[in-house]
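Student:
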Amino acid sequence: MLEAAVMFLLSISLHLGFKCFVQIFVYFALGTTEFFLLAIMSIDRYVAICNPLHYSSTMTGWNCSLLVLCCWGGGTLLFMGPEVGLFRMPFCGPSTINHFFCDNGPLIRLACADTTLLEYTYFLTAMILLLGTLAIHVISYAKIISTILGIPSAKGRQKAFSTCASHITVISISYGSCIVLYLRLNKPGEVDYSKVVAVFNTVVSPLLNPFIYCLRNERSLKNTFRQCITV
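Going by the numbering used here, the sequence shown opens with residue 7, and the numbers climb by one from there.
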């Protein structure tokens, strides 16, 4: 949600210039931070379900603050190299990008220089980010599911799984759109397709997140509708 709000505020000008590079840097920094935070949430769920007796001593306030700080630091620094390379590219064509915000793909197409190395750098950085954090999710939830299946009561299994359902849904939406959007090299005929996926990634997905997290069970949904009716 924060990423979408910042992108809206920075989307006033779509012409090449400093504002465009600031926008693309903020977009990737916040997006990368979000993926790191989702990975930390998987680790948090793993500790809470697989090692509940050690949760209070492991996920202390200091440790959580340190993990969040590392997420913000990693999100800011990971794409710093590709962004500097893009900023130093010469642009001698049209000054308007074929997109509704400054993204790396449409911006690279306007460069009047060889962008092969820069495209591969973006691709490898996105692959490290997405597949690396996705591996954390897979390992964590493999252990979580194994632990949940070992719970003797059906009510206990349902309660344990309900704490992870919203997180799994957000992971599926976020990774699905970003893998389709960034884990491929840019091709001239894919601009319109990328714009459609980008709309889902920057607008639809952040819009769904509050509903997924807050309205994740039937009781919450009924209470929300009841409050809306009474008002």
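We treat Cβ as the ideally placed atom computed from N, Cα and C, and that holds for glycine.
Note that the structure is predicted; figures quoted are calculated from it, not measured.
Tell me residue 42's beta-bridge partners as DSSP assigns them.
Tutor: Indexing the sequence shown from 1 puts residue 42 at position 36. DSSP output for residue 42 lists no bridge partner at all.
Student: So, does the CB of residue 81 fall closer than 7 Å to a CB anywhere in chain D?
Tutor: Of the protein chains in this structure there is only one, and it is not chain D.
Student: Roughly how far, in whole angstroms, is the beta-carbon of residue 154 from the beta-carbon of residue 166, given that I think they are within contact range, below 8 Å?
Tutor: One-based indexing of the sequence shown puts residue 154 at position 148. One-based indexing of the sequence shown puts residue 166 at position 160. Correct: roughly 5 Å between the Cβ atoms.
Student: What did DSSP end up calling residue 131 once you bin it into helix, strand or coil?
Tutor: What you label residue 131 is simply residue 125 of the sequence shown in a count that begins at 1. Three-state DSSP puts residue 131 in a helix.
Student: Pull up the CB-CB distance for residue 75 and residue 46, whole angstroms please, since I reckon it's below 8 Å.
Tutor: Within the sequence shown, numbered from 1, the residue matching residue 75 stands at position 69. Within the sequence shown, numbered from 1, the residue matching residue 46 stands at position 40. The Cβ separation is near 11 Å, so there is no contact.
Student: Out of 179, 189, 34, point me to the one whose CA is closest to residue 6's CA.
Tutor: Here the chain comprises residues numbered 7 to 237, so residue 6 is not present and cannot be evaluated.
Student: Between which two residues does the alpha helix (DSSP H) holding residue 119 run?
Tutor: Within the sequence shown, numbered from 1, the residue matching residue 119 stands at position 113. Run containing residue 119: none; DSSP gives neither H nor E here.
Student: Considering only the beta carbon of each residue, do residue 157 and residue 52 sit closer than 7 Å?
Tutor: Within the sequence shown, the letter at position 151 stands for residue 157. Within the sequence shown, the letter at position 46 stands for residue 52. Cβ atoms of residue 157 and residue 52: not closer than 7 Å.
Student: At what residues does the alpha helix (DSSP H) containing residue 88 begin and finish?
Tutor: Looking up residue 88 in the sequence shown gives position 82. Per DSSP, residue 88 belongs to the alpha helix (DSSP H) from 86–93.
Student: Pop quiz: residue 38 and residue 85 are said to be a contact at Cβ under 8 Å. What is the actual Cβ separation, rounded to whole angstroms?
Tutor: As a working note, residue 38 is residue 32 in the sequence shown. As a working note, residue 85 is residue 79 in the sequence shown. So it is a contact: roughly 6 Å between Cβ atoms.
Student: Count the other CB atoms within 10 Å of the CB of residue 70; is the residue buried (16 or more) or exposed (fewer)?
Tutor: Position 64 of the sequence shown, counted from the first residue, corresponds to residue 70. So residue 70 counts as exposed.
Student: Near residue 42, which residues of its chain fall below 7 Å by C-beta distance, leaving aside the five closest residues on each side in sequence?
Tutor: Here residue 42 corresponds to residue number 36 of the sequence shown, with the count starting at 1. Excluding residues within five positions, the ones whose Cβ falls inside 7 Å are 77, 80, 81, 139.
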